[in-house]
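Presented below is the structure to which this report refers.
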Amino acid sequence: MRMQLPLIRTSNETHPGGRSALTCRFRCGDACFHPAPNTSDNPYVGDVIAGALSRRSVMRAAAVVTVAGAAGAGVGLASPAAAAEKGTGGAGRHRPAKGARGLRFDAVAPNTADAVTVPDGYRQNIVIRWGEPILRGAPAFDPEKQTAAAQAGQFGYNNDFLSLLPLPGERNRQLLVANHEYTDEVLMFRGYDAAAPTREQVEIAWAAHGLSAVVVEGDRRSGKLTAVPRHPLNRRVTATTEFRLTGPAAGSDLLKTSADPTGTKVLGTLNNCSGGTTPWGTTLHGEENFNQYFANASRATDKRYGIGTAASERKWERFDKRFDVAQEPNEAHRFGYVVELDPYDPTSTPRKHTPLGRFKHEGATVRLTHDGRPVVYSGDDERFDYFYKFVGTKRMKKGSSRAAREHNLGLLDEGTLYVARLTGDSPAIEIDGTGKLPADGEFDGSGEWIPLATANADGAVSHVDGMTAEEVFVFTRLAGDKVGATKMDRPEDIEPNPHTGKVYVALTNNTNRGVGTNAPADEANPRNANKHGQVLELTERWNRADSTRFAWTLFLVAGDPEDPATYFAGFPKDDVSPISCPDNVAFDPHGNLWISTDGAQLGFHDGLFGVATKGERRGELKQFLTMPIGAETCGPVIQDRRVLVSVQHPGEISGATVEKPASTWPDGAGRIVRPSVVAVWRADGDDIGV
Ligand code: FEO
Ligand code: CA
Ligand code: CA
Ligand code: CA
0 MRMQLPLIRT SNETHPGGRS ALTCRFRCGD ACFHPAPNTS DNPYVGDVIA GALSRRSVMR
60 AAAVVTVAGA AGAGVGLASP AAAAEKGTGG AGRHRPAKGA RGLRFDAVAP NTADAVTVPD
120 GYRQNIVIRW GEPILRGAPA FDPEKQTAAA QAGQFGYNND FLSLLPLPGE RNRQLLVANH
180 EYTDEVLMFR GYDAAAPTRE QVEIAWAAHG LSAVVVEGDR RSGKLTAVPR HPLNRRVTAT
240 TEFRLTGPAA GSDLLKTSAD PTGTKVLGTL NNCSGGTTPW GTTLHGEENF NQYFANASRA
300 TDKRYGIGTA ASERKWERFD KRFDVAQEPN EAHRFGYVVE LDPYDPTSTP RKHTPLGRFK
360 HEGATVRLTH DGRPVVYSGD DERFDYFYKF VGTKRMKKGS SRAAREHNLG LLDEGTLYVA
420 RLTGDSPAIE IDGTGKLPAD GEFDGSGEWI PLATANADGA VSHVDGMTAE EVFVFTRLAG
480 DKVGATKMDR PEDIEPNPHT GKVYVALTNN TNRGVGTNAP ADEANPRNAN KHGQVLELTE
540 RWNRADSTRF AWTLFLVAGD PEDPATYFAG FPKDDVSPIS CPDNVAFDPH GNLWISTDGA
600 QLGFHDGLFG VATKGERRGE LKQFLTMPIG AETCGPVIQD RRVLVSVQHP GEISGATVEK
660 PASTWPDGAG RIVRPSVVAV WRADGDDIGV
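Per numbering that gives the first Met the number 0, residue 0 is the first one in the sequence shown, and the count goes up by one each step.
So, in structure tokens, the structure goes:
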């Protein structure tokens with residue numbers, strides 16, 4: 000049966016990047032309204048694809064559409080979340096579906112329900128919501144009486160990356176670490192006046208940013224997961240928590256401020272988007288659109304990161320001069336790093352590792368080489384920016400002794416940072432910007448990792464003419480420019496598949512590709528005005544520290560499968576789910592790739608998808624769940640019996656406020672919309688997708 004795409008559009012007014020105006024305003028500081036910071040003299044080539052989707056777009060899948068909170072009306076349901084715990088979205092018994100092992104579920108049909116919709120036979124619950132108290136002494140959430148002190152002990156806003164770490168010795172418990180990417184003041188504060196935020200509102204926002212560590216406990220009879228408040232490992236890290244800058248750029252003049260003449264201590268972490276879990280039991284968190292928190296930059300002080308020349312959206316500079324670049328020009332140099340948290344030591348000082356470079360880190364994922372050195376991949380999420388790899392020189396020490404942990408916390412401070420350059424193997428004339436496959440049948444080619452700088456225990460060496468190593472680590476984008484890195488369509492999560500070793504790079508979209516004087520389509524970014532994004536697959540021997548070459552192919556070219564410009568690794572397109580704007584990636588225990596989307600441009604909500612990466616079903620993509628109104632899917636964790644996702648910015652629709660919400664998720668009409676973490680499991684208790 001073919002299913003019509005819904006005609007309702009709930010993401011109303013969209014910005015050029017595809018998101019609601021509200022998302023653009025608070026999440027990335029209206030990045031799409033500014034010219035891409037990486038400008039190019041390349042001529043316009045190729046036709047701009049219309050991008051308009053055929054309304055026939057469809058997928059062959061059993062439809063399960065949840066009605067809870069439909070279209071934001073609440074429709075008399077007491078609580079969508081409560082309904083969900085009873086099984087909304089999975090009313091029937093589990094029927095094994097076809098698919099690769101791990102993906103045997105009936106794909107969820109694209110929809111615009113104000114709910115998290117899961118496959119038939121699956122269940123869900125809310126693990127934790129914004130504002131739930133996690134630290135001892137923190138009060139219950141009351142949005143009408145919120146204070147900064149309360150928020151500092153409660154789960155933060157807009158949860159993004161999630162890591163679930165083992166907790167040996169505590170039955171059925173794991174340690175959840177979450178990013179809180181940004182705040183949405185109009186959805187947090189009744190009567191919020193963007194022109195005149197109060198000190199209390201600003202301080203609440205500082206406390207709602209950052210990270211949370213919170214112990215969670217699984218139900219013995221189901222996959223239900225709930226937070227354990229007041230556990231001694233629970234922790235909040237906020238925009239005012241002390242961090243240590245590490246690596247050779249720490250202490251450099253570029254990082255000194257009036258409050259920190261040592262250039263080694265920073266208050267807070269900002270805009271933590273995605274992240275990674277290290278093999279030594281810590282978590283990494285990418286500082287992404289940090290530029291938006293700073294005001295009054297000039298050309299000289301910004302250096303290609305897009306810091307505004309006027310007041311910032313949130314006006315933090317009025318309450319702390321470090322956010323005013325005109326007064327404190329180096330403070331912004333202290334954001335844009337990969338930060339590392341030791342979640343097993345709640346008293347530890349988290350670190351910002353300068354050798355991984357400074358850019359809009361989507362996240363950072365780590366693997367070990369065959370001889371135990373860390374390899375870290377990280378994308379710079381901006382139109383026409385680059386992706387990077389860091390290879391450490393020191394080997395991980397096994398065990399959990401204090402000495403081993405201290406050693407491992409320094410692994411990311413010594414090693415070489417590389418940027419990627421890709422070459423296509425088809426004649427340029429065959430890449431016409433429409434997404435039409437070249438004559439060899441694949442968008443593919445070769446690539447190399449170009450070294451930028453090497454950090455050593457006693458200093459650093461630059462590999463870029465005209466830049467010192469410190470400059471490379473602090474102005475990494477400029478280093479990428481100088482060595483001719485490949486301009487990509489917004490590199491997001493990058494992660495090696497533990498089963499096959501192949502590395503997947505989500506490229507979310509780039510509506511400026513080939514438009515005006517911007518860089519035209521190339522074989523790795525083959526569509527002009529690219530609305531839907533693509534997923535790149537790298538083949539490289541990353542388990543060798545000296546690996547500097549790779550082969551690549553486009554694994555997915557996203558969109559409506561009926562759009563001839565899409566590609567699903569050669570799998571028949573009438574049997575896959577539509578997908579748009581791939582963002583975060585993860586792997587299940589079977590080696591399938593799971594992809595969450597951000598800003599899907601197909602007329603339905605964002606979601607989570609699984610796709611086989613090997614065997615006969617390679618490229619068979621199936622939707623596992625869908626998001627409520629205005630929400631983005633983030634931070635997927637796929638375990639044997641449980642899927643965990645962040646529901647980020649639900650209700651973030653242009654014009655929505657606390658008084659006029661666009662969504663009633665998760666608690667129903669009359670209750671404030673709250674970003675939350677959701678767990679999904681199989682009703683019959685068996686493994687996911689088998
Ligand atoms: Fe926070 Fe790259 O999305
Ligand atoms: Ca080719
Ligand atoms: Ca994104
Ligand atoms: Ca995201």
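All residues carry an ideal CB built from backbone N, CA and C; glycine is no exception.
In this text, all values refer to a predicted model and were calculated from it rather than measured experimentally.
Shortest alpha-carbon distance to A241 belongs to which of V463, T346, W279 and T197? This sequence places Glu at residue 241; Ala is not what is there. The candidate whose alpha carbon is nearest that of E241 is T346.
Tell me where the beta strand (DSSP E) around R243 begins and ends. E241 to T245
Among F386, G275, Y503 and G152, nearest to D480 - alpha-carbon criterion: Scanning F386, G275, Y503 and G152 for the CA closest to the CA of D480 turns up F386.
Going along the chain, which residues put their C-beta within less than 7 Å of some heavy atom in ligand 2? Qualifying residues, in the order they occur: G423, D424, S425, P437, D439, E441, F442, D443, G444 and E522.
When you compare the stretch 550-565 with the stretch 377-384, are there three or more beta-carbon pairs, one atom per stretch, that lie closer than 8 Å? no
Would you identify the three-state DSSP class for W680, choosing helix, strand or coil? strand
Between N583 and ligand 4, is the CB less than 7 Å from at least one heavy atom? Yes; taking the cut-off as 7 Å, the Cβ of N583 has a heavy atom of ligand 4 nearer than that.
Between G494 and ligand 1, is the CB less than 7 Å from at least one heavy atom? The amino acid at residue 494 is misidentified as Gly; the sequence shows Glu. E494 Cβ: outside cutoff for every heavy atom of ligand 1.
Any heavy atom of ligand 4 within a distance shorter than 7 Å of the CB on D159? yes
Taking 7 Å as the line, does the beta carbon of E491 fall inside it for any heavy atom of ligand 1? yes
In whole angstroms, what is the alpha-carbon distance linking T261 and P665? 45 Å
Should N158 and T182 be called a contact, given that it needs their Cβ atoms to be closer than 8 Å? no
Is the stretch 529-540 touching the stretch 616-628 in the sense that three or more CB pairs, one from each, lie closer than 8 Å? no
Could you pull out every residue in the same chain whose Cβ sits closer than 6 Å to the Cβ of R229, ignoring the five residues on either side in sequence? R135.
Let me know the secondary structure DSSP gives G130 once reduced to three states. coil
Is T507 near ligand 3 - that is, is its Cβ less than 7 Å away from at least one heavy atom of it? yes
Just to confirm my understanding: we take F389, look at its own chain, exclude 5 residues before and 5 after, and list those with CB closer than 6 Å. What are they? L355, V375, G414 and L416
Is the closest heavy atom of ligand 4 to the C-beta of E339 under 7 Å? no
Taking DSSP as the reference, what is the three-state secondary structure of K320? helix
So what does L174 bridge to, in DSSP terms? Beta-bridge annotation (DSSP): L174 is paired with L164 and V214.
How would you call D545, buried or exposed, if buried means at least 16 neighbouring beta carbons within 10 angstroms? exposed
How do the stretch 595-609 and the stretch 500-510 stand: do at least 3 beta-carbon pairs fall below 8 Å, yes or no? yes
Any idea if I428 is buried or exposed, counting beta-carbon neighbours within 10 angstroms, 16 or more meaning buried? exposed
Run through DSSP, which three-state label would L76 get? Legend: pLDDT at L76 = 29, less than 50; position of this residue unreliable, value from coordinates given subsequently. Looking at L76 - three-state DSSP - the assignment turns out to be coil, as it is neither helix nor strand.
Pull up the distance between the alpha-carbon of A60 and that of K501, whole angstroms please. Its pLDDT being 34, under 50, A60 is placed unreliably in this model, and the value from its coordinates should be taken loosely. Their backbone Cα atoms lie some 29 Å apart in a straight line.
Given the structure, does D597 come close to ligand 3, in the sense that its CB is under 7 Å from one of the ligand's heavy atoms? yes
Suppose contacts are defined by Cβ-Cβ distances below 8 Å. Is F318 in contact with Y292 by that definition? Cβ atoms of F318 and Y292: not closer than 8 Å.
Just checking, does the stretch 256-276 make contact with the stretch 330-338 on the three C-beta pairs under 8 Å criterion? yes
For D141, three-class secondary structure by DSSP: When DSSP states are grouped into helix, strand and coil, D141 belongs to the coil group.
Is K397 helix, strand or coil by DSSP? In the three-state reduction of the DSSP assignment, K397 falls in the coil class, being assigned neither a helical nor a strand state.
By how many angstroms is the C-alpha of R670 removed from the C-alpha of T547? 53 Å
Could you tell me if the beta carbon of D380 falls within a distance shorter than 7 Å of some heavy atom in ligand 3? yes
Are T348 and F472 touching if we call contact CB-CB under 8 Å? no
Can you tell me whether DSSP reads T510 as helix, strand or coil? coil
Under 8 Å, with one C-beta from each stretch per pair, do the stretch 420-434 and the stretch 394-406 reach the 3-pair mark? Segments in contact, no.
DSSP three-state assignment for K388, whether helix, strand or coil: strand
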